[in-house]
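For the sequence shown, the positions run -28 to -1, 1 to 397 when mature numbering (1 follows the signal peptide of the UniProt record, and there is no 0) is used.
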Amino acid sequence: MKINKFNFTLKFGAVIVSQALFMGHALAASPIASSCDAGVADSLTEMFTCGSVHGSLRTLYYSTKNAYFVPGYSQDTISYGGSVKYATAEYYGLSLGVSGIFQRGIAHNDDHLITELGPNETGVGEAYLSWHYQDFRITAGDQRINIPFIGDYDWRITPILFRGIDANYGDSDNFLHATKITRYKPWGDDQFLNTTAYTDAEGTTNGMWGIGGGRAIKLDNKKLNGQLWYEDYNNYTKMVYADSFLSWSDTPYQPKIGIQFIRGLSEGKALAGQVDSTSYGAQFVMNLTPSLIWSLNYDHIAASENAYGNGALVAPYAHNTSSGTYFAQPFFTSTQDLGSGNAYSTDLNWTVNENISLGSRYSFMDLTPNSGASSSNQSEYLVYGTYSFDGVLKGLSLTDFAGVQTTSTSNKNFWQNRLALEYDF
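Below is the structure:
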């Protein structure tokens, strides 16, 4: 590890944070008219004067050794940047939002460059019009969207964003949702593209559309909730996603049992390859103590000899980015990119106090990417922690993820560390 560079990162991050603290206090939303109330304006003028400014500025130090099991391939990258967003107050339910994004590198070396943090970015991120009435909201434009296998995944410097229309009626438990996406901005670009995360796939896509719904009911001392989604990715795949959870909230251990089902088939030109994927999952979560949460997770991905990844799921906007909603998943790689078979993981999350949270994860991917090949037997050992400052430094946090992956297909272990200094305002 390059200690000098590391020290410089923290010092440089401190400069960014000090500037961000000033910006946060100077720009933080505070109504200038007494009639401003909870983000609702009484006039067109107040729609703008009662708006709010918030964002996230961060410095990220990211290093690997034997990256993705390539012997001797090390990566060592420092970048800084983030996003600042202005959102108007609502006037007759209407509101506007726009954000600026930027990313810059510090002493980038092409031989050791992390792809996620490589390119400089400068531009407009979110730019949308939203209308809200009671339990209904519809948003059109460039925005963050979070539905199964589509999300902003913003542990990096700039978030993944989507161009489209997103509508929701209801709350987090009982809802109807519809989404149409035409373009997306990956974390490695400041432009909205008509491609996907499958950068090696030839051809373009018109995006995706999806519909979903959720329902929750009370059963004596238990809560049962579930959701069902259909998503259609142009020229890639169409999938059904469903999950359900039974939880007990009035007991000290607050146990929760979950199941999930994912089915994917080819759509259009099937640019990533023939899709024939079926996954089943189960999850058990409980509080060992009021501040210590343990989970046990399992997924089975059925083999399909002539399909992409031996039956793996094609996820156009989550490929090599996130394991999405799979219960069992590693942190450094993605379950749906590793093949078919069985995936296991277990997590411990400890909230030490208001400032400190710690965690660990072990995952085992008994997955095979090709028919007839041996299992990867990939194990990942991960520890992580966050320190959140308070007082005048409220909004500032320091987070570290560190771990190692082993596999039967390589005699070299894959090490990775991510250290982030972040200020949210």
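Here a beta-carbon is modelled for each residue, glycine too, at the ideal position from N, C-alpha and C.
Q: Could you check which residue in F299, G245, G185 has the C-alpha nearest to that of G230?
A: Per the Cα distances, F299.
Q | Best match in I117, D222, G367, G136 for proximity to H26 [C-alpha to C-alpha] | A | Comparing Cα-Cα distances from H26 to each of I117, D222, G367, G136, the minimum goes to G367.
Q: Find out if the Cβ-Cβ distance for the pair H206, E239 is shorter than 8 Å.
A: The question names His, but residue 206 in the sequence shown is Asn. In this structure, E239 lies closer than 8 Å to N206 by Cβ.
Q.
Closest to L37 by C-alpha separation, out of D48, S28, Y202, would be which residue?
A. First, the residue type needs correcting, since residue 37 is Lys and not Leu in the sequence shown. Distance from the Cα of K37 is smallest, within the candidate group D48, S28, Y202, for D48.
Q. Taking the C-alpha atoms as reference points, what is the distance between A5 and Y63?
A. Low confidence applies to A5: its pLDDT is 42, below 50, so where it sits in the model is not reliable, and the reading given next is rough at best. Those two C-alpha atoms are separated by around 14 Å.
Q: Helix, strand or coil for S219, going by three-state DSSP, please let me know.
A: It is a strand residue.
Q | For F20, the first and last residue of its enclosing alpha helix (DSSP H) | A | Taken as a continuous stretch (DSSP letters only), the alpha helix (DSSP H) holding F20 covers 16 to 21.
Q. When DSSP labels each residue in this structure, what does Q388 get in the three-state scheme?
A. Annotated three-state conformation of Q388 is strand, per DSSP.
**Q.** Given 8 Å, three or more beta-carbon pairs between the stretch 318 to 326 and the stretch 338 to 345
**A.** The stretch 318 to 326 vs the stretch 338 to 345: no contact.
Q: Could you tell me which residues DSSP pairs with R333 in its beta bridges?
A: According to DSSP, which records beta bridges pairwise, R333 is partnered with D319, L354.
Q. How big is the Cα-Cα spacing for residue 400 and A150?
A. In the structure displayed, the chain extends from -28 to 397; residue 400 sits before or after that span and is not available.
(Q) Using a 10 Å radius around the Cβ and a threshold of 16 neighbouring Cβ atoms, would you call G44 buried or exposed? (A) By the Cβ-count criterion, G44 is exposed, with fewer than 16 other Cβ atoms from all chains shown falling within 10 Å of its own Cβ.
Q. Does the Cβ of T17 have 16 or more other Cβ atoms within 10 Å, making it buried, or fewer, making it exposed?
A. The residue is exposed, with fewer than 16 neighbouring Cβ atoms inside 10 Å.
Q) Do Y100 and D114 have their C-beta atoms within less than 8 Å of each other? A) For Y100 and D114, yes; Cβs fall inside 8 Å.
Q) Nearest to W103 by CA position, among V247, R76, A139, is which residue? A) With distances taken between Cα atoms, W103 lies closest to A139.
Q: Report buried or exposed for S2, applying the criterion of at least 16 other Cβ atoms within 10 angstroms of its Cβ.
A: At S2, the pLDDT of 41 sits below 50, so the modelled position is not reliable and the matter cannot be decided from this model.
Q: Starting from the C-beta of G95, find all residues in its chain whose C-beta is less than 7 Å away, skip the five residues before and the five after it, and write them out in chain order.
A: Around G95: I73, D162.
Q.
Using C-beta distances below 7 Å, list every residue in its chain close to residue 402, excluding the 5 sequence neighbours before and after it, in chain order.
A. What the structure shows of the chain is the stretch from -28 to 397, and residue 402 is not part of that stretch, so it cannot be assessed.
Q) Given that a residue counts as buried once 16 or more other Cβ atoms are within 10 Å of its Cβ, and exposed if not, what is residue 405? A) In the structure as shown, the chain begins at -28 and stops at 397. Residue 405 is therefore absent and cannot be evaluated.
Q | Sequence-distant residues of the same chain with beta carbon closer than 6 Å to V257, five excluded per side | A | Answer for V257: K228, S267, listed in chain order.
Q | Selected residue, minimal CA-CA separation from K384, among L200, V42, Y34, V212 | A | Nearest option by C-alpha distance: V42.
Q) If you scan the stretch 22 to 66 from start to end, which runs of the alpha helix (DSSP H) of 4 or more residues do you find wholly inside it? A) Secondary structure in the stretch 22 to 66: no alpha helix (DSSP H) run of 4 residues or longer lies completely within the stretch.
Q: Within its chain, find whatever has a CB closer than 7 Å to the CB of L148; leave out the 5 residues flanking it on each side and keep chain order.
A: So the qualifying residues of the chain are Y141, G142, G185.
Q) Between the beta-carbon of L393 and the beta-carbon of L370, is there less than 8 Å? A) In terms of Cβ geometry, L393 and L370 form a close pair [threshold 8 Å].
(Q) Can you find the residues in the same chain that come closer than 6 Å, C-beta to C-beta, to A290, ignoring five residues on each side of it along the sequence? (A) Excluding residues up to 5 positions away in sequence, F121, G296 lie with their Cβ nearer than 6 Å to the Cβ of A290 in the same chain.
Q) Going by alpha carbons, who is nearest to Q232 out of Q199, N259, I78? A) Q199 is the residue among Q199, N259, I78 whose C-alpha sits nearest the C-alpha of Q232.
Q.
What residue range does the beta strand (DSSP E) around V257 cover?
A. From DSSP, the beta strand (DSSP E) with V257 extends over 248 to 261.
Q) Out of curiosity, what's the CA-to-CA distance linking N282 and V12? A) Roughly 52 Å separates the two Cα atoms.
Q. Out of curiosity, what's the CA-to-CA distance linking Y225 and N193?
A. Put simply, the backbone Cα of Y225 is about 13 Å away from that of N193.
Q: Could you name the residues of the same chain whose beta carbon sits closer than 7 Å to that of D145, not counting the 5 residues immediately before and after it, in chain order?
A: G186, A188, N197.
Q.
Which complete beta strand (DSSP E) runs does the stretch 69 to 150 hold, if anything under 3 residues is left out?
A. Taking only runs of at least 3 residues, the beta strand (DSSP E) segments lying wholly in the stretch 69 to 150 are 93 to 105, 108 to 115, 133 to 142.
Q.
With distance defined between alpha-carbon atoms, name the residue in D204, I265, S380, A284 nearest to residue 422.
A. Since the displayed the chain opens at -28 and closes at 397, residue 422 lies outside it and no answer follows.
Q. Between the Cα of A61 and the Cα atoms of Y34, A10, G97, Y105, which residue gives the shortest distance?
A. The option with the nearest alpha carbon to A61 is A10.
Q: Could you have a look at T154 and say whether DSSP puts it in helix, strand or coil?
A: In the three-state reduction of the DSSP assignment, T154 falls in the strand class, which pools E and B.
Q | Cβ neighbour criterion (16 or more within 10 Å) applied to F386 | A | With at least 16 other beta carbons inside 10 angstroms of its own, F386 counts as buried.
Q | Residue from R30, D82, S24 with nearest C-alpha to Y58 | A | That would be S24, whose Cα lies nearest to the Cα of Y58.
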